[in-house]
Each structure stands twice: as structure tokens, then as C-alpha cells.
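Residue numbers (this note's numbering): 5 to 506.
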Ligand SMILES: [Zn+2]
């Protein structure tokens with residue numbers, strides 16, 4: 005039995021009482037925390053390994069509760085693009101990848117996350133690396149292998165949410181197609197693969213669950229309707245069935261952009277939240293990214309059933325999609341986590357780029373300070389909230405006896421934590437990830453002195469640079485469609501925005 009003692013660290017446990025030890029110690033046996041307190045439970049000679057953490061701030065590893073690994077290699081391929089246009093760019097940059105490219109993209113994100121203290125993520129990824137190709141393109145569930153293998157190599161925890169769709173992406177197509185040429189409409193539609201029958205899609209998900217869910221205690225598989233709007237009711241019901249049969253989660257984009265509320269009313273004569281509630285999709289196993297355009301009634305439905313909401317403030321601000329009413333959602337009973345979202349729409353997988361945005365975005369229009377999020381709230385979203393949204397609340401997200409040793413040691417002498425005083429505020433307002441010294445996952449050191457031990461960083465960077473050079477040529481037809489529809493989508497978006505402000 006391997007016994008480790010980490011001593012003399014300033015510890016933020018992030019447990020329910022937010023217990024803190026200014027000079028604490030933590031004991032680990034076979035990856036599990038067996039003791040945490042002011043002093044060790046036995047003499048140092050009883051341990052195989054004693055780690056002196058004096059001068060370090062210890063807190064639970066962070067969880068990135070919504071991302072898309074195919075986008076890790078395209079963090080800066082476009083700039084001025086609101087949600088629908090951004091989605092087109094992402095599509096053009098991520099379809100038609102090889103297994104090696106999918107793995108490279110995933111590993112690049114692992115490097116970013118590990119180096120900045122994130123130990124786990126929810127990766128909402130089509131198995132072919134495209135935003136729409138999974139089941140649709142005749143892809144096999146086995147295509148999920150390069151993603152799973154990358155996380156296993158990195159020794160990170162990942163809930164891979166298998167992205168499925170069987171409906172057109174109506175929220176990123178022009179709503180008014182009158183006046184568009186037949187040719188353009190055909191090329192727009194041909195940019196996406198035709199969907200597979202629902203049963204076949206669900207079988208692929210089942211195969212992924214059977215192969216990878218629970219693997220080495222590191223991986224989970226979730227059902228991942230890309231958005232309820234982009235799925236038939238049959239497919240959504242199938243996802244609910246899988247959730248119940250395998251006790252997995254359902255992870256989905258929910259009401260990210262305003263146009264999605266319009267489509268929902270037109271198609272179902274009710275809000276999207278009401279529609280999925282009718283299908284039995286809302287429970288404490290439902291994890292919704294974004295959730296920007298919800299009514300008070302929607303909030304109360306989501307809250308009463310204990311659903312999780314993943315706040316993707318970086319991508320939502322960058323793409324002008326909207327701001328989720330996080331304060332209200334939490335008050336209604338939702339668990340809140342933070343997500344980087346794809347690097348294409350956020351910029352990176354560094355969760356510290358989001359802390360200040362999440363704190364400040366809600367203050368602009370809220371004069372009542374009692375309704376402002378605090379730095380403790382943000383650190384909880386990033387740790388225990390994220391673990392819950394990854395179905396890891398029993399084992400991760402806080403430093404407590406019986407949980408896995410998933411933790412980060414920050415160097416208190418780093419410029420960002422100097423002068424060292426109130427740790428929650430320092431982490432949320434001043435830290436940028438570069439004080440991360442050591443990261444442990446399941447008690448195993450995966451980052452030491454800021455260096456990732458599980459991945460050949462130089463090799464991944466070289467491969468990432470090579471692969472993106474070939475993409476514009478490979479997917480040229482989609483880039484041509486983007487050029488033509490950008491002005492049309494822009495005009496519709498502007499009209500929608502003006503209506504809102506009338
Ligand atoms: Zn997303």
C-alpha cells in the first residue's frame with residue numbers, strides 16, 4: 005500500500021463548510037485521502053513518501069464542465085463572429101479529421117488544462133471530431149477511441165459526452181431562405197452529413213458506453229444531444245432511455261442563442277425547457293451548457309429537478325450569445341459549474357481566464373451587491389460544482405477523507421499570489437494558472453514544477469501546427485459557403501437584436 009503525506013500546505017478543502025488549514029497536512033493511501041488536518045495522524049516514518057508543501061496553497065483540482073476537444077487546435081481561427089457564424093467556422097475547421105489528428109487536438113487541451121490546474125473535463129465531442137458528423141456520417145462508436153486514449157494517456161478524468169444529432173442545424177442556417185439561390189441552399193445542406201436512423205445512432209452510443217464508461221475509474225460516457233433543437237423527439241427519448249438504463253448523464257447545449265427560443269416556439273409552441281421536461285429529460289443527471297435564454301418558469305423547472313447548468317461566460321461574451329442568469333438558477337436549486345467551451349469560441353482551456361469574467365459580467369446590470377457572485381462561489385463552481393456536473397461528486401471536487409486525491413499545489417511565492425492574503429480572492433481575481441506547481445490526480449503526480457509528466461509537449465505542439473495547415477484546403481467547399489452566408493446571417497442577427505431593444 006502506497007502511503008503519501010503532503011505536509012505544511014495552506015489548504016482550501018472546498019468542502020461544504022469551506023474548511024481551511026493554514027498549515028495543514030493531507031494523507032493519501034492508494035490515491036484516496038485518508039486524513040486531512042492540522043497534523044499527521046501518525047509519524048512521518050509510516051509513509052512511503054513525504055512531500056514538503058511549505059509555501060504552497062493546496063486546493064482541489066479544477067473541473068472544466070463543458071468543452072469540445074476538436075476545437076483545441078483552433079483557438080484563433082476567427083475573430084468577428086457571433087454564435088451562428090462561429091459555429092460555421094468551427095464546423096469547417098473540425099470536420100474530416102484522422103484519428104491521429106483527433107488525438108492530437110485532445111492532447112493539446114489536456115496540456116493546457118493540466119498546466120493550469122484542471123484535472124477533469126466534460127468533453128462534448130462528436131466522435132469524428134466534427135460538430136455534426138458523428139452518427140450522421142456513418143462514424144463508428146470506436147471513433148471515440150482517440151479521444152478516450154488521449155485522456156487516459158494524460159491521466160486526466162473525462163466525461164465524454166457523445167454528441168448526437170438527427171436534425172438540421174436550423175439555428176445556424178438563415179431563418180428566411182427566400183431569396184437564397186437553390187445552389188447555395190444545396191451547398192449549405194451538403195456541408196453537413198445526412199443523419200443516421202435514430203436506432204443506429206443510439207446503438208453507437210450504447211457501444212461507447214459499454215466500451216468506455218467507468219474505464220480505469222477515469223472515464224465516463226454521457227449521452228450528448230448537441231442541442232435538443234437539433235434532435236428529433238425520438239432521439240431525445242432514446243437519450244433519456246440510455247440515461248436510465250446505464251445511470252449515465254445527459255449533457256447538452258441549451259438555449260445558447262436567442263434564435264433558439266424563436267425556433268422552439270414555432271416548432272413546439274412552448275419553451276425548449278418545457279418541451280424537454282415533457283420528454284422526461286430533466287433530472288439531476290441533466291447537465292446543460294449555456295442556458296442563457298430561459299424564462300422564470302424554465303428556471304423553476306430546472307431548479308426544482310436539480311439539473312446542473314454550466315456557465316460558459318467566455319464563449320458567450322465572445323460570441324455575443326447572451327449571459328446566463330446564474331444567480332437565479334442557483335437560487336432555484338441548480339448546481340452551477342464553469343465551462344471553457346471550445347477554444348475556438350473561448351480562446352483557451354485555462355479556467356482562470358473565466359473567473360474574472362464570471363465575477364464581473366453579472367455586476368454590470370445588478371446594483372444590489374447581495375446578488376453578486378463572490379470569489380468563493382466561483383471557486384466552488386470550478387471545484388465541487390464541476391465535479392457534480394461530471395458525475396464525480398462522490399470522489400472529486402473537494403479535499404475530504406474518502407475522496408480521491410485530485411489536487412493542485414500553487415506556489416505562493418509566484419508574482420500572482422504575492423502578497424499572499426485572502427486565497428479565494430487571490431485565486432479568482434489575480435491568479436492566471438501560472439502559479440500551478442504540482443497537480444495530482446488519484447494521488448499520482450501528473451504535473452511537477454509546472455511540467456506535464458504524462459504528455460510529450462513538444463511533440464503535440466509540432467503535430468498541432470502541422471495538422472491545421474492542411475484544413476483550409478481539405479474543407480474548402482464549406483469555407484466558400486461561409487463567405488456567402490455571413491452577410492445574410494449578420495443581417496438577421498442585427499434585426500433580432502434591434503427587436504430586443506425596441
Ligand atoms: Zn459548447
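Quick reminder that beta carbons are idealized off the backbone N, C-alpha and C, glycines included.
Everything numeric in this text was worked out from a predicted model, so none of it was measured.
Residue i to residue j span [Cα, whole Å]
i	j	result
residue 300	residue 480	44 Å
residue 268	residue 400	36 Å
residue 338	residue 287	10 Å
residue 86	residue 493	9 Å
residue 182	residue 495	14 Å
residue 342	residue 123	14 Å
residue 234	residue 171	5 Å
residue 141	residue 184	Its pLDDT being 40, under 50, residue 141 is placed unreliably in this model, and the coordinates cannot settle the point.
residue 453	residue 422	18 Å
residue 129	residue 502	34 Å
residue 575	residue 93	Given that the chain is displayed from residue 5 to residue 506, the structure contains no residue 575 and the question cannot be resolved.
residue 303	residue 383	23 Å
residue 431	residue 55	23 Å
residue 361	residue 433	10 Å
residue 237	residue 283	8 Å
residue 21	residue 473	50 Å
residue 82	residue 487	13 Å
residue 50	residue 435	36 Å
residue 270	residue 276	11 Å
residue 412	residue 106	28 Å
residue 370	residue 88	28 Å
residue 28	residue 363	29 Å
residue 468	residue 229	28 Å
residue 79	residue 477	19 Å
residue 441	residue 455	8 Å
C-beta contact flag for residue i and residue j at 9 Å
i	j	result
residue 390	residue 74	no
residue 160	residue 192	no
residue 402	residue 420	no
residue 437	residue 355	yes
residue 351	residue 322	yes
residue 260	residue 231	yes
residue 5	residue 416	no
residue 285	residue 240	yes
residue 315	residue 257	no
residue 465	residue 112	yes
residue 461	residue 115	yes
residue 77	residue 38	no
residue 63	residue 414	yes
residue 166	residue 148	yes
residue 150	residue 104	yes
residue 58	residue 11	yes
residue 121	residue 443	yes
residue 377	residue 336	no
residue 16	residue 428	yes
residue 406	residue 36	yes
Spatial neighbours of residue i in its chain, beta-carbon cut-off 6 Å, leaving aside the 5 residues before and after
i	result
residue 26	14
residue 91	176
residue 53	8
residue 445	123, 159 and 410
residue 125	68, 71 and 162
residue 319	345, 349 and 350
residue 213	225 and 250
residue 19	402 and 404
residue 397	391
residue 313	292, 295, 333, 338 and 340
residue 195	482 and 485
residue 281	305
residue 110	73, 151 and 154
residue 32	8, 409 and 447
Own chain partners of residue i with C-beta closer than 8 Å, once the 5 adjacent residues on each side are dropped
i	result
residue 457	449, 450 and 451
residue 223	152, 155, 156, 161, 162, 163, 164, 216 and 217
residue 386	66, 67, 341, 342, 355 and 359
residue 308	336 and 337
residue 310	287, 288, 337, 338 and 339
Contacts around residue i, its chain only, beta-carbon distance under 7 Å, and the 5 residues preceding and following it disregarded
i	result
residue 242	202 and 206
residue 297	259, 262, 264, 265 and 326
residue 289	247, 253 and 254
residue 475	97
To test your reading of the DSSP string, which unbroken beta strand (DSSP E) runs of 3 or more residues are found completely within the segment 179 to 239?
You should have 223 to 229.
Fully enclosed by the segment 294 to 343, which beta strand (DSSP E) runs are 3 residues long or longer?
Counting only runs of 3 or more, we get 312 to 315 and 339 to 342.
Scan the segment 428 to 505 and note each continuous beta strand (DSSP E) run of 3 residues or more that stays entirely inside, going in chain order.
Every unbroken stretch of the beta strand (DSSP E) spanning 3 or more residues and falling wholly within the segment 428 to 505 is given here in chain order: 440 to 445 and 448 to 452.
Uninterrupted beta strand (DSSP E) stretches inside the segment 365 to 426 (no shorter than 3 residues):
Those beta strand (DSSP E) runs which fall completely within the segment 365 to 426 and span 3+ residues are 411 to 415.
Could you name each continuous alpha helix (DSSP H) segment of 4 residues or more that falls completely within the segment 56 to 119, going from the start of the chain to the end?
Counting only runs that start and end inside the segment 56 to 119, the alpha helix (DSSP H) elements of at least 4 residues fall at 87 to 98 and 103 to 119.
Return the chain-ordered ranges of every beta strand (DSSP E) run that is complete within the segment 250 to 297 and spans a minimum of 3 residues.
Segments of the beta strand (DSSP E) lying fully in the segment 250 to 297: 254 to 258 and 290 to 294.
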